[in-house]
Amino acid sequence: MREERKRGFFSRRFQAITDYFHPSPERAEEVVDEISRGSTPAPGYYALISAASLIASLGLVANSPAVVIGAMLVSPLMSPIFGLALSMIRADGALFSRAIRAEIGGIALAIAFGWLFGCLPLATEVTSEMLARTAPTLLDLLVAVFAGLAGALAVIDERISPALPGVAISTAIVPPLATCGLCLAFGAYSGAYGAFLLFFANFMAILLVSSLVFIMGGLAAEEAVLSRRQLVRRLLAAGLGFSLVAVVLTNALLSMLENRKREQTMRGVFTEALRKEPTSSLEGIFYHSYRGELQILATVRTPKVMLPDRVKLLEEMLESKLKMPAQLIVRCVLAKDISPTGTTSVVMAQTLDGSFIADNLDPDVAKEQLAEQTLRELFAARPDLWLLEVDLVYIAETPVVLATIQSARALIPYEVKE
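Following this line, the structure appears as structure tokens:
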């Protein structure tokens, strides 16, 4: 009895939710009419696609997110996807024909204009806006799912229709197609595949989710026209396509997470190794897996060139942490941090609270800092002596301060003793 009441409660709640988004017959007729008009491949539709592709290409090449967002707002490519969804659940062959022609024509036109723009001498280098659309992951598919849900609700419910421009921005349909065209113009076929995969993920997510929302909204054909089995069969292709994209993007997400973990491990090795070297820090790291070996280029900001033995030690540490062979090259960028107390203030990566100077110094770094501060105070009264560098080295496990001094004369033992 209790189980029946519980099922009745959830059934009533679900019915209340569906009723809330169930449009009136008049609104349902308006929705069908609006989607049908938006799915018609008219000259104005193709003109907007062309303009959106050119705007997106310009924004991608100029690395301008604002311009790319403008292309998303201009693009009408989402309307034919809604048309395909509506035609499948209403068994409307004429609408399906118009929507599929509009979508395929729009896709081809967007890629073509992206390719044409890429052939112009304006595109001189790869930008971050372009790269962001060549490596989609499961996260992009999830964004498309929620955007498709919001878009379908905004279409059938006039109370939330003003949110539709935001949905157009979040789905980002035209920029991946423009990126695909640019990549084809540059000969970057792998990037073109990734960009088209991002579009296809958005397409499948919007198609499947909007179909389900339209069914919940009561826009499906009556039982006499389309049985439940036929309806499921029609949505099966969309579901299979969505599942296939989800599998591919899940694999991409796992690869991205693995690469991120690997990079964090490498950065941790350098951070620990450079902790005892004042004013030295890792500026950037690039790596590539080649024939089972990891090739690593690390850019290190340091006051002196790193010796090969030190690089060899770092390479062995990386191999131990990463559990695979590694080939390390360290690019030394010579620089020195100067503070009122000397050159050994430790500058680190900025934390979430905004701090970038380490509070807890390594004991050797603290000793070196104190030694340099003391020497500079002594040499302040001796203009004939110029302190160049201070290092803390160990000789027979005994700490020794090594000071490099420039002077026109040699120091006498009394001065060294002092």
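Numbering that gives the first Met the number 0 puts the last residue of the sequence shown at 417; the count rises by one with no breaks. Where is the CB? At the ideal position from N, CA and C, for every residue including glycine. The model shown is predicted, which means the values in this text are computed figures rather than measured ones.
* To do: Could you work out which residue in Leu386, Leu391, Ala41 and Ala70 is closest to Leu176 when comparing CA atoms only?
  => Ala70
* Nearest to Phe195 by CA position, among Leu207, Gly180, Phe185 and Val208, is which residue? -> Gly180
* Asked: Roughly how many angstroms separate the alpha carbons of Gln326 and Gly37, rounded to a whole number?
  -> 56 angstroms
* To do: With Asp139 as the anchor, note down where its alpha helix (DSSP H) starts and where it stops.
  => Leu137 to Ile155
* Under 7 angstroms, do Ala204 and Val144 count as touching if we go by C-beta distance? -> yes
* In terms of residues, what are the limits of the beta strand (DSSP E) holding Val67? -> From DSSP, Val67 is part of no beta strand (DSSP E) but of the alpha helix (DSSP H) over Pro64 to Val73.
* Asked: Which partner residues does Trp385 have in the DSSP bridge list?
  -> Gln405
* Rounded distance between the beta-carbons of Pro64 and Glu124, thought under 8 angstroms -> In fact, because the Cβ distance is near 17 angstroms, the residues do not count as touching under 8 angstroms.
* Asked: In three-state DSSP terms, what is Glu282?
  -> strand
* **Backbone secondary structure at Val364 - three-state DSSP** => helix
* State buried or exposed for Asn250, treating a residue as buried only when at least 16 other CB atoms are found within 10 Å of its CB. => exposed
* 7 angstroms Cβ cutoff, Pro175 in contact with chain B -> The structure shown contains no chain B; it holds only a single protein chain.
* **Residue(s) in a DSSP beta bridge with Thr301** => Leu333
* Taking DSSP as the reference, what is the three-state secondary structure of Val247? -> helix
* Taking buried to mean at least 16 other C-beta atoms within 10 Å of its own C-beta, is Leu351 buried or exposed? -> Confidence at Leu351 is low in this model, with a pLDDT of 44, below 50, so its placement is unreliable and the value that follows should be read with caution. Under this definition Leu351 is an exposed residue.
* Mind checking which residues open and close the alpha helix (DSSP H) that includes Gly113? => Gly92 to Cys118
* Apply the 10 Å Cβ neighbour rule to Trp385 and answer buried if 16 or more other Cβ atoms are within range, or exposed otherwise. => exposed
* To do: Determine, using beta-carbon pairs with one atom in the region 77-95 and one in the region 197-211, whether at least three such pairs fall under 8 angstroms.
  => yes
* To do: Go to Val125, then tell me how far its alpha helix (DSSP H) extends in each direction, as first and last residue.
  => No alpha helix (DSSP H) contains Val125, which DSSP labels as neither H nor E.
* **Cβ separation of Phe112 and Ser49, assumed to be a contact under 8 angstroms, to the nearest whole Å** => 6 angstroms
* Specify the secondary structure class of Ala204 as computed by DSSP and reduced to three states. => helix
* Rounded straight-line distance, which links the Cα of Phe198 to that of Val31 -> 25 angstroms
* To do: Go ahead and pull the three-state DSSP assignment for Leu183.
  => helix
* Asked: How many angstroms separate the CA atom of Val399 from the CA atom of Val246?
  -> 60 angstroms
* Give the C-beta separation of Arg89 and Ala219 to the nearest angstrom, bearing in mind that I take them to be a contact with Cβ-Cβ under 8 angstroms. => 6 angstroms
* Asked: Does DSSP put Ala325 in a helix, in a strand, or in coil?
  -> strand
* **Straight-line Cα distance separating Ser189 from Leu401** => 54 angstroms
* **Helix, strand or coil at Thr373 according to DSSP, with G and I counted as helix** => helix
* Put Leu306 into one of helix, strand or coil per three-state DSSP. => coil
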